[in-house]
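Peer 1:
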Amino acid sequence: MTLSRRALLASTAAALATAPLQALAFNENDANSLITALVGDINRVIDSGKGENAMLRDFERIFARYSDTSYIAAYAMGVDGRRASNAQKRAFSDAFQGYVARKYGRRFREFIGGRLEVNQVKRVKQWFEVSTTAFLQGQSPFNVTFQVSDRSGKPLFFNMFIEGINLLLTERTEVGALLDRNGGNIDAMISDLKKLG
Amino acid sequence: MHFRFLITRLFPALLAAAMLSACAGGGSQTVSEEGIYDPYEPGNRKVHRFNRGLDRALVRPAAIGYSTVLPDEVEDSIGNFASNLGEPSIVVNSLLQGDLRGAGNSTLRFVTNSTLGLFGFFDVANEFKMVQHNTDFGETLHVWGVGEGAYLELPVLGPSTTRDTVGMVVDLFTNPLSYTVDEPEAYYGTVAGVASSLSTRGRLTDTIDAVLYESADSYAQARLIYLQNRRFELGQDDPGAAIDPFALDTEGF
Chain P
42 MTLSRRALLA STAAALATAP LQALAFNEND ANSLITALVG DINRVIDSGK
92 GENAMLRDFE RIFARYSDTS YIAAYAMGVD GRRASNAQKR AFSDAFQGYV
142 ARKYGRRFRE FIGGRLEVNQ VKRVKQWFEV STTAFLQGQS PFNVTFQVSD
192 RSGKPLFFNM FIEGINLLLT ERTEVGALLD RNGGNIDAMI SDLKKLG
Chain A
3 MHFRFLITRL FPALLAAAML SACAGGGSQT VSEEGIYDPY EPGNRKVHRF
53 NRGLDRALVR PAAIGYSTVL PDEVEDSIGN FASNLGEPSI VVNSLLQGDL
103 RGAGNSTLRF VTNSTLGLFG FFDVANEFKM VQHNTDFGET LHVWGVGEGA
153 YLELPVLGPS TTRDTVGMVV DLFTNPLSYT VDEPEAYYGT VAGVASSLST
203 RGRLTDTIDA VLYESADSYA QARLIYLQNR RFELGQDDPG AAIDPFALDT
253 EGF
């Protein structure tokens with residue numbers, strides 16, 4: 042069988058066109074492996090037996106690596122983000138990452154001797170919901186759900202629910218309250234955020 | 003606290019307080035985008051300040067003391083005893099919701115734990131894979147199609163809604179045990195219930211402290227957390243969960 046030049050060209054072009062598509066096709070497995078890796082990293086930090094500050098630094102790194110930090114920060118700032126300068130947005134993002142790591146990292150300490158298990162992944166519009174169960178000592182198991190999207194170009198989680206309690210909404214409420222307390226001053230809110238969590 | 007005290011004194015007082023805050027007005031008359039309807043916000047905030055003061059002065063220290071002094075096993079047993087006494091009420095509500103499996107499960111749990119579990123001090127039913135399921139008259143009302151109503155923060159008892167407050171009052175009257183158990187024994191359940199609440203407050207000290215004392219607006223945090231968690235328990239859609247990650251400008255963050 043001889044391949045015509047045209048057929049060869051056509052098949053090469055088709056291969057070139059579909060290769061990046063396959064690499065980018067974001068599916069259940071990507072969402073699942075992201076959360077499995079995240080859970081593994083969190084469990085390793087908990088089991089490391091390091092001091093509190095070292096653990097919190099580790100959690101900040103984990104948060105930066107697995108979550109869509111710019112989306113979470115932008116959502117938490119809400120409409121006030123529209124009047125923020127780029128420098129303020131950057132400063133807010135940095136302060137917010139540290140704050141989230143401290144606040145949720147402290148909660149993860151209660152995970153010592155416990156574990157998170159991935160249950161199921163389900164597609165919701167353009168993203169996935171990964172539902173996990175947390176088994177902690179002396180407590181009934183509870184649900185932790187992560188929402189994962191590839192909005193930024195790679196799979197990252199952009200929201201988390203603990204027994205239905207939504208991280209994005211909780212933190213937007215908190216940032217809004219900090220802004221109110223500071224009469225809407227963004228810089229003052231950012232410096233408050235650095236002390237919280 | 004005695005049961006009769008609860009129904010003749012405390013609850014009328016709570017309802018009066020709830021109605022007072024209802025008259026106070028001034029809160030938002032519309033539902034926010036997070037699905038919060040809080041028309042009594044000014045009154046609720048007053049109750050919240052009272053509850054926070056009560057927690058700081060009394061409940062928190064008592065809870066920490068209770069949790070520190072008692073070994074975990076004893077705390078667990080008291081908690082088991084209290085929740086076992088709640089099973090008949092769960093049976094009643096499961097039946098009212100048409101949940102025969104739930105009613106059967108709770109009946110078996112109550113029988114097993116009251117006998118093999120030595121008056122409920124041990125949750126042996128759990129070992130037999132009869133896992134506890136929780137429900138209340140607030141959920142029954144939800145199943146019957148009653149909406150959640152307005153957000154309410156109740157004195158001492160904390161976050162609730164108008165529907166769940168009605169549910170709590172009804173549950174006091176429909177717990178079959180309160181009609182079958184005589185005077186001195188009736189105290190045990192109440193005492194164990196209070197002790198079990200202290201135990202929860204003590205064990206979750208850090209988490210609850212973070213909400214009450216470390217957040218910028220503890221009232222707003224407690225309200226959001228309560229409503230979202232309650233809707234999750236009832237299997238309701240959370241209006242706040244419909245967040246599209248592609249519908250936001252993240253430029254600069």
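As they're listed, the protein sequences go chains P and A.
So the first sequence is residues 42 to 238, counted in the working numbering.
So the second sequence is residues 3 to 255, counted in the working numbering.
Using N, Cα and C, we set each Cβ at its ideal position, and we do this for glycine too.
#1: List, in order along the chain, the chain P residues whose C-beta lies closer than 7 Å to that of A:Asn231?
#2: Tell me the DSSP bridge mates of A:Lys48?
#3: What runs of the alpha helix (DSSP H), each 4 residues or longer, lie entirely inside the region 211-250 of chain A?
#4: When you compare only the Cα positions, how much space is there between A:Arg225 and A:Gly191?
#5: Would P:Glu215 pass as an interface residue toward chain A - the criterion being a Cβ-Cβ separation below 8 Å?
#6: Can you give me the start and stop residues for the beta strand (DSSP E) that A:Tyr153 sits inside?
#7: May I ask which residues mark the beginning and end of the beta strand (DSSP E) holding P:Ala175?
#8: I'd like to know if A:Thr209 contacts chain P, where contact means its C-beta is closer than 8 Å to some C-beta of that chain.
#9: Could you name the residues of the region 196-221 of chain A whose beta carbon sits closer than 8 Å to any beta carbon of chain P, in the order they occur along the chain?
#10: Determine, for P:Asn127, whether the minimum Cβ-Cβ distance to residues of chain A falls below 8 Å.
#11: Enumerate, from N- to C-terminal direction, the unbroken alpha helix (DSSP H) stretches of 4 or more residues contained entirely within the region 108-181 of chain A.
#12: Using a Cβ-Cβ cut-off of 6 Å (strictly less than) and excluding sequence neighbours within five positions of A:Tyr257, which residues of its own chain qualify?
#13: Can you tell which of A:Leu206, A:Leu154, A:Gly106 has its C-alpha closest to the C-alpha of A:His135?
#14: For my contact list, P:Gln167 and P:Asp228 are in at a C-beta cut-off of 8 Å; report their separation, rounded to the angstrom.
#15: Among P:Gly217, P:Met230, P:Ile206, P:Asp233, which one has its Cα closest to the Cα of A:Phe234?
#16: Helix, strand or coil, according to DSSP, for P:Asn200 in the structure here?
#17: Is A:Ala202 helix, strand or coil when you go by DSSP?
#18: Taking the alpha-carbon of A:Asp211 as reference, which of A:Gln31, A:Asp57, A:Val33, A:Tyr42 has the nearest alpha-carbon?
#19: For P:Glu69, does the three-state DSSP call read helix, strand or coil?
#20: Enumerate in chain order the residues of its own chain whose CB-to-CB distance from A:Gly160 is below 8 Å, with the five nearest sequence positions on each side excluded.
#21: Do we get a CB-CB distance below 8 Å when we pair A:Thr182 with the residues of chain P?
#22: Taking 8 Å as the cut-off, decide whether the C-beta atoms of P:Asn184 and P:Ser172 are in contact.
Peer 2: This is what the structure gives:
#1: One-based indexing of the second sequence puts residue 231 of chain A at position 229. What A:Asn231 touches in chain P: Glu204, Gly205, Ile206.
#2: Position 46 of the second sequence, counting from 1, holds the residue named residue 48 of chain A. Partner(s): none; A:Lys48 has no beta bridge.
#3: Entirely contained in the region 211-250 of chain A, the alpha helix (DSSP H) runs reaching 4 residues are, in chain order, 220-235.
#4: Here residue 225 of chain A corresponds to residue number 223 of the second sequence, with the count starting at 1. Here residue 191 of chain A corresponds to residue number 189 of the second sequence, with the count starting at 1. For A:Arg225 and A:Gly191, the distance between alpha carbons rounds to 29 Å.
#5: Reading the first sequence from its first residue, position 174 is the one you call residue 215 of chain P. It does: the Cβ of P:Glu215 has a partner Cβ on chain A nearer than 8 Å.
#6: Start at 1 with the first residue of the second sequence, and residue 153 of chain A comes out as number 151. Start and end: 153-156.
#7: As a first step, residue 175 of chain P is located in the first sequence; it is residue number 134 there, counting from the start. Counting along the chain, the beta strand (DSSP E) containing P:Ala175 begins and ends at 168-176.
#8: Numbered from its first residue, the second sequence carries residue 209 of chain A at position 207. At least one C-beta of chain P is nearer than 8 Å to the C-beta of A:Thr209.
#9: Contact annotation: in the region 196-221 of chain A, residues whose CB is within less than 8 Å of a CB in chain P are Arg205, Asp208, Thr209, Ala212, Glu216, Ser217, Ala218, Asp219.
#10: Locating residue 127 of chain P in the first sequence gives position 86, where the first residue counts as 1. Closer than 8 Å: yes.
#11: As far as the region 108-181 of chain A is concerned, its whole alpha helix (DSSP H) runs of at least 4 residues are 126-129, 139-145, 164-176.
#12: Chain A is shown from 3 up to 255; residue 257 of chain A falls before or after that span and cannot be answered.
#13: Your numbering for residue 135 of chain A matches position 133 in the second sequence. Measuring from the Cα of A:His135, the nearest candidate turns out to be A:Gly106.
#14: As a first step, residue 167 of chain P must be located in the first sequence, where it is residue number 126. As a first step, residue 228 of chain P must be located in the first sequence, where it is residue number 187. Not confirmed; about 35 Å, so no contact.
#15: Taking the first residue of the second sequence as 1, we reach residue 234 of chain A at position 232. Nearest option by C-alpha distance: P:Ile206.
#16: For this step, residue 200 of chain P is matched to residue 159 along the first sequence. Note: P:Asn200 maps to strand in three-state DSSP.
#17: As a working mapping, residue 202 of chain A is identified with position 200 in the second sequence. The amino acid occupying residue 202 of chain A in the given sequence is Thr; Ala does not appear at that position. In the structure shown, A:Thr202 adopts helical secondary structure according to DSSP, grouped into three states.
#18: As a working mapping, residue 211 of chain A is identified with position 209 in the second sequence. The shortest C-alpha separation from A:Asp211 is found at A:Asp57.
#19: The residue given as residue 69 of chain P occupies position 28 in the first sequence. In the structure shown, P:Glu69 sits in a helix (DSSP, three-state: H, G or I).
#20: As a working mapping, residue 160 of chain A is identified with position 158 in the second sequence. Cβ contact annotation for A:Gly160 (same chain, cutoff 8 Å, sequence separation greater than five): Asn53, Ala224, Tyr228, in chain order.
#21: Taking the first residue of the second sequence as 1, we reach residue 182 of chain A at position 180. For A:Thr182, no CB of chain P lies under 8 Å from its own CB, so it is not counted at the interface with that chain.
#22: Residue numbering aside, residue 184 of chain P sits at position 143 when the first sequence is read from its first letter. Residue numbering aside, residue 172 of chain P sits at position 131 when the first sequence is read from its first letter. With contacts defined as CB atoms closer than 8 Å, P:Asn184 and P:Ser172 qualify as a contacting pair.
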